[in-house]
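A.B. asks: Numbering (the numbering used here), first residue to last: 1 to 172.
I am attaching a structure below and will ask some questions about it afterwards.
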Amino acid sequence: EPGARAATRETWRRYRHLELKPRLAARRQLHRAAILEALPLETAGVGRLGLYPAGYGVSATWLTCRYPDLDILGIEPRADQARVAARVLGDLHAVVTGGPGDLPDDVSMGAVCVDSGQFPEPMVLTSNDVREFYRRLSEDGVMVVLTPEGAQGDGAPEAIMATAGFRGVRLL
């Protein structure tokens, strides 16, 4: 299993010849690799990890480089970014264009990572999104929400979790 530094180098290698926006996203997001390293993923038990939003696939690519046995399902509402993510991740992983409600009915996941810091305006995480992800989690699945520091108000992940009736969701 490669280390975090090797995963960062390999991820950058995959993005260095792409167009400008994905390259800039990769440079910016690779500084957040320590957050990804802190995710509670016991890869043998996770199976499939849903990542929302997938963006240009930088986090998904880093995770596949760091944990080669992990199966990634990227969920990205912006078609241009989903196209780049699918290209970089290759045929071994899937990227769905749309939101949580657009997933095929037979999709289940061992873990879901919602990166609310990656949401563009006016895209927000809703309690319906949370319910949809929970419906698709395996029985012992894990949901992790990465939150930007200082997120507050009705749109803050803590408020959304309370509205959806979920307790004990891990917020990093």
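Quick reminder that beta carbons are idealized off the backbone N, C-alpha and C, glycines included.
Hey, would you say Leu176 sits closer than 7 Å to Gly50, going by beta carbons?
C.D. replies: Residue 176 cannot be examined here, being either before or after the span of the chain that is shown, 1 to 172.
A.B. asks: Report the partner residues of Asp115 according to the DSSP bridge assignment.
C.D. replies: Paired residues: Leu146.
A.B. asks: Extract the residue ranges of the alpha helix (DSSP H) inside the segment 17-63, only unbroken runs of 4 or more that lie entirely within it.
C.D. replies: Here the runs fully enclosed are 20-29, 33-37, 43-46.
A.B. asks: Does DSSP put Thr11 in a helix, a strand or coil?
C.D. replies: Helix, per DSSP.
A.B. asks: How far does the alpha helix (DSSP H) with Leu89 in it extend, from its first residue to its last?
C.D. replies: Taken as a continuous stretch (DSSP letters only), the alpha helix (DSSP H) holding Leu89 covers 79-89.
A.B. asks: Using only alpha-carbon positions, find the residue among Asp80, Thr97, Ala86 that is nearest to Ala60.
C.D. replies: The shortest Cα separation from Ala60 among Asp80, Thr97, Ala86 belongs to Ala86.
A.B. asks: Mapping DSSP to helix, strand and coil, what is Gly101?
C.D. replies: Helix at Gly101.
A.B. asks: Apart from the five residues on each side of it in sequence, which residues of its chain come closer than 6 Å, Cβ to Cβ, to Gly110?
C.D. replies: Hits under 6 Å: Val46, Gly47, Arg48, Ser138, Gly141.
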